[in-house]
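Asker:
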Amino acid sequence: MRYERKAQAYVDEAAAGNYVPSPWLRFLSRVSESNTETELRWCQPDGVLIDIFTGQITIVEFKLQHTSEAWFQTRQLYEPVLQSIFPTGLWAYSVVEIVCWMDPDVAFPERFSFLPDINEARPGQFHVHIWNPRRG
């Protein structure tokens, strides 16, 4: 949690007013695939960058080390929920996983690119940004 707290401050400063840290999102989810009954659920991405000028939303996920769990959280939960709020016809989406360290041998379900500046995320892509608070 200490890393996430410091990383939240880092992103907030770097994003120049476009960053929403840890928003709670409410959504309806089907109880089961074969059932039309729904239930109210909540999720909380680590952060969301919203650029109203370019129409881009970047989902931010903090992890101490690069992990496929970040992909499942962002692509399978947060992105669909955000797309129901901000429709894809009007908004483009990207993901940035911010990590303290990187193991290149970690299996990952999608091709990703390293991102030196979190403000330069490209739509449709999954990025990894390495940030270590000791190195700045």
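Heads up: the sequence shown runs through residues 579 to 714, numbered per our numbering. Beta carbons: idealized from backbone N, C-alpha and C, even for Gly.
Out of Asp629, Ser612, Lys641 and Glu611, which one is the CA nearest neighbour of Pro701?
Answerer: Asp629
Asker: What are the start and end residues of each continuous beta strand (DSSP E) run of 3 or more residues lying completely inside the region 673-700, in chain order?
Answerer: 690-692
Asker: Would you mind working out which of Arg653, Ser610 and Val706 sits nearest Cys678, comparing C-alpha positions?
Answerer: Val706
Asker: So, with DSSP's three-state summary, where would you put Trp669?
Answerer: coil
Asker: Around the C-beta of Pro623, are 16 or more other C-beta atoms found within 10 angstroms, so that it is buried, or is it exposed?
Answerer: buried
Asker: Judging by CA-CA distance, which residue of Tyr597, Leu627 and Val589 is the nearest neighbour of Tyr671?
Answerer: Leu627
Asker: What residue does the beta strand (DSSP E) around Ile663 start on, and which one ends it?
Answerer: Note, Ile663: premise wrong, no beta strand (DSSP E); alpha helix (DSSP H) at Glu657 to Ile663.
Asker: According to DSSP, His788 sits in a beta bridge with which residue or residues?
Answerer: Residue numbering for the chain in the displayed model covers 579 to 714; residue 788 lies beyond these limits and cannot be assessed.
Asker: Below 8 Å on the Cβ atoms is my guess for Ala699 versus Val659; work out the distance and round it to an integer in Å.
Answerer: Wrong, their Cβ atoms sit about 19 Å apart, outside the cutoff.
Asker: Skipping 5 residues on each side, what residues in its chain have a beta carbon closer than 6 Å to that of Val684?
Answerer: His644
Asker: Keeping to the same chain, check which residues put their C-beta closer than 7 Å to that of Tyr597; ignore five residues upstream and five downstream.
Answerer: Val589, Asp590, Gly625 and Leu627
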